[in-house]
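Participant: Position 26 of the sequence shown, counting from 1, maps to 25 under numbering that gives the first Met the number 0, and the rest follow consecutively.
C-beta atoms are modelled at their ideal positions from N, C-alpha and C, and glycine is treated no differently.
The structure presented is a predicted model; accordingly, all values stated were derived computationally and were not measured.
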Amino acid sequence: MAVKIRLSRMGNKNRPYWRLVAMDARKKRDGAFLEKFGTYDPLKHRLFDVKLDRIEDWVSKGAICSPAVIKLMKQAKKSAAPAQK
Numbered sequence: 000m001a002v003k004i005r006l007s008r009m010g011n012k013n014r015p016y017w018r019l020v021a022m023d024a025r026k027k028r029d030g031a032f033l034e035k036f037g038t039y040d041p042l043k044h045r046l047f048d049v050k051l052d053r054i055e056d057w058v059s060k061g062a063i064c065s066p067a068v069i070k071l072m073k074q075a076k077k078s079a080a081p082a083q084k
C-alpha cells in the first residue's frame, strides 16, 4: 500500500479548513485516513498545528509528502525554532 501525507479539506463553502493526514494514495482526497497529524486554517492568519515527529516517522517508513505538506512542514519548523539573539 502506497501511503501519502496530504491535505484533506474540511469546513464549509468559502471557509476551507484542512487536515494533514496519512492515507492510501488510491483514496479520494476526503476519504478515510490512517492517521491525522494536525490542522491548517488559512483564513485565521495561517494558523496551523502539526505533529512533526509523527510525520517524520511516517516518512522514514516510506510515506510520500505532497508539495503542500512540505511547505507547511517548513513553516512549522521555522515557527518552532527558538529565536536566536
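DSSP has A21 in a bridge; who is on the other side?
Facilitator: As a working note, residue 21 is residue 22 in the sequence shown. Its beta-bridge partners are I4 and E34.
Participant: Would V21 and V49 be called neighbours here (beta carbons separated by less than 8 Å)?
Facilitator: Here residue 21 refers to the residue found at position 22 of the sequence shown. Here residue 49 refers to the residue found at position 50 of the sequence shown. Note that residue 21 is Ala in the sequence shown, not Val. Not closer than 8 Å, so no.
Participant: Taking only the alpha-carbon atoms, compute the straight-line gap between V2 and F36 and give it to the nearest angstrom.
Facilitator: What you label residue 2 is simply residue 3 of the sequence shown in a count that begins at 1. What you label residue 36 is simply residue 37 of the sequence shown in a count that begins at 1. If I take the Cα positions, the gap works out to 14 Å.
Participant: So L6 and S59 are supposed to be a Cβ contact under 8 Å. How far apart are they, rounded?
Facilitator: Looking up residue 6 in the sequence shown gives position 7. Looking up residue 59 in the sequence shown gives position 60. With 8 Å as the limit, L6 and S59 do not qualify as a contact, their Cβ atoms being about 21 Å apart.
Participant: Using only the alpha-carbon positions, how far apart do K77 and L71 sit?
Facilitator: Here residue 77 is taken as the residue at index 78 of the sequence shown, counted from 1. Here residue 71 is taken as the residue at index 72 of the sequence shown, counted from 1. Answer to the nearest angstrom: the Cα atoms are 10 Å apart.
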